[in-house]
Amino acid sequence: MEQVRESGDFAIAFDHVTKRYDGKETPAVEDLNLAIRKGEIFGFLGPNGAGKSTTIRMLVGMLRQNSGTITADGFDNIVSSVGLKRCLGYVPDEPVFYERMSGLRHINFICDLYGVPQRLRKERIGKLASLFEMTEVLDDPISSYSHGMKQKLGVIAALVHDPMILVLDEPMVGLDPRSSFILKDVMREFCRKGRTVFFSTHVMEVAERLCDRVGIISKGRLLFEGTLEELKLRKGGEDATLEELFLQMTGQADVAGLAKRTEEVLE
Ligand SMILES: Nc1ncnc2c1ncn2[C@@H]1O[C@H](COP(=O)(O)OP(=O)(O)O)[C@@H](O)[C@H]1O
Ligand SMILES: [Mg+2]
1 MEQVRESGDF AIAFDHVTKR YDGKETPAVE DLNLAIRKGE IFGFLGPNGA
51 GKSTTIRMLV GMLRQNSGTI TADGFDNIVS SVGLKRCLGY VPDEPVFYER
101 MSGLRHINFI CDLYGVPQRL RKERIGKLAS LFEMTEVLDD PISSYSHGMK
151 QKLGVIAALV HDPMILVLDE PMVGLDPRSS FILKDVMREF CRKGRTVFFS
201 THVMEVAERL CDRVGIISKG RLLFEGTLEE LKLRKGGEDA TLEELFLQMT
251 GQADVAGLAK RTEEVLE
């Protein structure tokens, strides 16, 4: 039998993971092998429909893979799903809330789920709310929050049980520049303490600024895993931006063609 990757060195490991949605011929994720090291910020990049959210939803236990194994902090996502959920915080691409609850009630509800002791809550919630500049609105109903505020509430709720791994699906979408700056800072600080961040994005600039390593996925297949420098070397273009390399690699590099089409449409 094939040796499964030694999970001890990795925060997250996907081993030959395939996911096929019912009724679909081509898999959304196909034979994914990917390992995220402890202490790194790993950016999962890919165009729309590449399989990023599918991968993340399997990791956090919302979807089950058809084959292969997924571990986080040594916990298998199927046989040890509770242990796995306990060690990670997850910010979904579209957070869903009970809109009539206040932000504070939502966070307390999450604390109940994860068994965060009462004596730790107040201080932790206070610090996180202040960091994300949410203190003043915490008692307001979530229905009154903007998209960005909901996103920040989602991040606070993901961090409040003090996880070892933070998983975020397109976290910068809908955040204003200041909130986005704060979140990037939090992601960096989180890793400085030996913890791990795994996040998806299609915003190349974010990845370029933030990531220790990246993975590029397109049509369910991983095309690259490594540092940005390695990507540039592989593609032989030291001066190329990540955006150019990304478009090249995912077969979308027909930028001249796109510009021409735009010109024609807007004529
Ligand atoms: N619930 C679903 N049922 C069927 N197909 C899905 C479902 N969710 C996603 N897909 C398909 O799986 C592929 C990958 O989607 P997704 O993981 O959402 O990509 P990404 O997050 O990279 O944009 C797409 O072809 C998408 O249409
Ligand atoms: Mg997605």
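Note that the numbering used here gives residue 205 to position 205 of the sequence shown, counting from 1, and the numbers run on in steps of one. Note that CB positions come from ideal geometry on N, CA and C, so glycine has one too. In this text, all values refer to a predicted model and were calculated from it rather than measured experimentally.
Handout entry: ILE12 versus CYS87: straight-line alpha-carbon distance, rounded
Key = Roughly 11 Å separates the two Cα atoms.
Problem - ASP9 (DSSP reduced to helix, strand or coil) - result: For ASP9, the three-state secondary structure derived from DSSP is helix.
Exercise for the section: Starting from the N-terminal side, write out each stretch of the alpha helix (DSSP H) that is 4 residues or longer and does not extend beyond the segment 55-121. Expected result: If we require 4 residues or more, the alpha helix (DSSP H) runs fully inside the segment 55-121 come out as 81-87 and 103-114.
Exercise for the section: Find the nearest neighbour of PHE199 within the set ASN66, LEU120, ASP212 and LEU168, judged by alpha-carbon distance. Expected result: If we check each option's Cα against that of PHE199, LEU168 comes out closest.
Exercise for the section: Would you mind stating whether ILE165 and ALA72 have Cβ atoms separated by less than 8 Å? Expected result: In this structure, ALA72 lies closer than 8 Å to ILE165 by Cβ.
Practice task
Take the Cβ of TYR21 as the centre, count every other Cβ of all protein chains shown within 10 Å, and call the residue buried at 16 or more, exposed below.
Solution key: Per the 10 Å Cβ criterion, exposed.
Handout entry: Buried/exposed call for LEU120, threshold 16 Cβ in 10 Å
Key = Exposed: under 16 other Cβ atoms inside 10 Å.
Practice task
Specify whether the segment 238-249 and the segment 204-217 touch according to this definition: at least 3 beta carbon pairs, one from each stretch, less than 8 Å apart.
Solution key: The segment 238-249 is in contact with the segment 204-217.
Problem - Test item: CB-CB of ILE142 and LEU153 under 8 Å - result: Yes, Cβ-Cβ distance for ILE142 and LEU153 is below 8 Å.
Exercise for the section: Would you kindly work out how many angstroms separate the C-alpha atoms of SER269 and HIS16, rounded to a whole number? Expected result: Residue 269 lies beyond the residue range present for the chain, which begins at 1 and ends at 267; the question has no answer from this structure.
Handout entry: CA-to-CA distance, LYS38 to ILE56, given in whole angstroms
Key = LYS38 has its alpha-carbon roughly 17 Å from the corresponding atom of ILE56.
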